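Undergrad:
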């Protein structure tokens, strides 16, 4: 069974700090990884995607991929209370276009 | 404005009743997906379709049915065989291929009367 694992949290950080969200995956064939943000009662919103080993930065967000360790992470710099949400990690599954989602990590940014 | 429209936003089902959730996209995406999300849980794939007139079961297809007669539309029917239908249902679409992100509609919240 292909899986994506996340710590459900909650992860609590003070405003202005760096939040680090982590994800591991079991399918070595996965080539693409996606981070979605989901506010309570709302649908997931794509915030980052990464295909290659290393770091990818977009504004306050940095996605990191380490294929050898089967590890994906999302760093949020200068965390704001508006970043408080559940963050879903997803990995691509073969050539079907299907995504395997983790359970999500709840982030709380305290003012 | 390009996007994915799900309707209705809230839906109530009586015992023994089939209900249909609508999903329409104008993103010109070939692939469409239906997920179910239960409180505090991740997304579970119900059905997906990569092309018109073709679809495949996901991980939890029992009690659900779909059709894909048009590229833009992928309706989901929750049948009376689905004994625990209360959940948040999400429709998504993407381009084809393994590196395409999925984009979601606003969801339909289904409850049992």
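Chains as they are written, first to last, in my numbering: chain A, 9 to 119; chain B, 20 to 132. Think of the CB as a built atom: it goes at the ideal place given N, C-alpha and C, for glycine as much as any other residue. Here the structure is a predicted model, which means the values were calculated and not measured.
Within 10 angstroms of the Cβ of residue 41 of chain A, are there 16 or more other Cβ atoms? Answer buried if so, exposed if not.
TA: When all chains shown are included, residue 41 of chain A counts as buried.
Undergrad: Given that residue 73 of chain B touches chain A, what residues does it touch there, using C-beta distances under 7 Å?
TA: The premise fails here: residue 73 of chain B is roughly 12 Å from chain A at the closest Cβ pair, so nothing lies under 7 Å.
Undergrad: Would residue 98 of chain B and residue 82 of chain B qualify as a contact pair, given that the criterion is a beta-carbon distance under 7 Å?
TA: A contact, by the Cβ cut-off of 7 Å.
Undergrad: If the cut is a Cβ gap below 8 Å, which residues of chain A does residue 50 of chain B touch?
TA: Result: 105.
Undergrad: Any beta carbon from chain B within less than 7 Å of residue 88 of chain A's own beta carbon?
TA: Closer than 7 Å: no.
Undergrad: What separation, rounded to the nearest whole angstrom, lies between the Cα atoms of residue 131 of chain B and residue 59 of chain B?
TA: Using only the alpha carbons, I get a separation of about 19 Å.
Undergrad: Please tell me whether residue 61 of chain A and residue 50 of chain A are closer than 7 Å, where the distance is taken between their beta carbons.
TA: Not closer than 7 Å, so no.
Undergrad: Considering only the beta carbon of each residue, do residue 61 of chain B and residue 109 of chain A sit closer than 7 Å?
TA: Going by C-beta atoms, residue 61 of chain B is nearer than 7 Å to residue 109 of chain A.
Undergrad: CB-CB under 8 Å to residue 21 of chain A, same chain, minus the five flanking residues each way: which ones, in chain order?
TA: So the list reads 27, 87, 115, 116, 117, 118, once near-sequence residues are dropped.
Undergrad: Alpha carbon to alpha carbon, how far is residue 50 of chain B from residue 89 of chain B?
TA: Taking the straight line from one Cα to the other gives about 11 Å.
Undergrad: Just the chain A side, please: which residues come within less than 7 Å of residue 120 of chain B by C-beta, in chain order?
TA: What residue 120 of chain B touches in chain A: 42, 54, 57.
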